[in-house]
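Asker: Numbering (the working numbering), first residue to last: 1 to 53.
Note that CB positions come from ideal geometry on N, CA and C, so glycine has one too.
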């Protein structure tokens, strides 16, 4: 995740409510849970695109 790196760059402040990186990290994790992991999404998209050929 880019957001995990953002947390690391900002240090402890990055995961507090006072900074925005925690918000982006939480959204990314929620999207992972709701929509599936990125690798699965990429594979599904590739399957759909290549199925038409």
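Can you give me the C-alpha to C-alpha distance between residue 48 and residue 31, rounded to a whole angstrom?
Answerer: As a working mapping, residue 48 is identified with position 48 in the chain shown. As a working mapping, residue 31 is identified with position 31 in the chain shown. Straight-line Cα distance between these residues: approximately 21 Å.
Asker: Here's the rule I'm using: 16 or more other beta-carbon atoms within 10 Å means buried, otherwise exposed. How should residue 11 be labelled?
Answerer: The residue you call residue 11 lines up with position 11 of the chain shown. By the 10 Å Cβ count, residue 11 comes out exposed.
Asker: Report back the beta-carbon spacing between residue 13 and residue 19 to the nearest angstrom; my notes put them in contact at under 8 Å.
Answerer: Position 13 of the chain shown, counted from the first residue, corresponds to residue 13. Position 19 of the chain shown, counted from the first residue, corresponds to residue 19. Confirmed, about 5 Å.
Asker: Indicate the three-state DSSP secondary structure (helix, strand or coil) for residue 16 in the structure shown.
Answerer: Mapped onto the chain shown, residue 16 falls at position 16. Correct three-state label for residue 16: coil.
Asker: Verify whether the separation of the beta carbon atoms of residue 9 and residue 15 is less than 7 Å.
Answerer: Numbered from 1 along the chain shown, position 9 holds the residue referred to as residue 9. Numbered from 1 along the chain shown, position 15 holds the residue referred to as residue 15. No, these two residues do not count as a Cβ contact at 7 Å.
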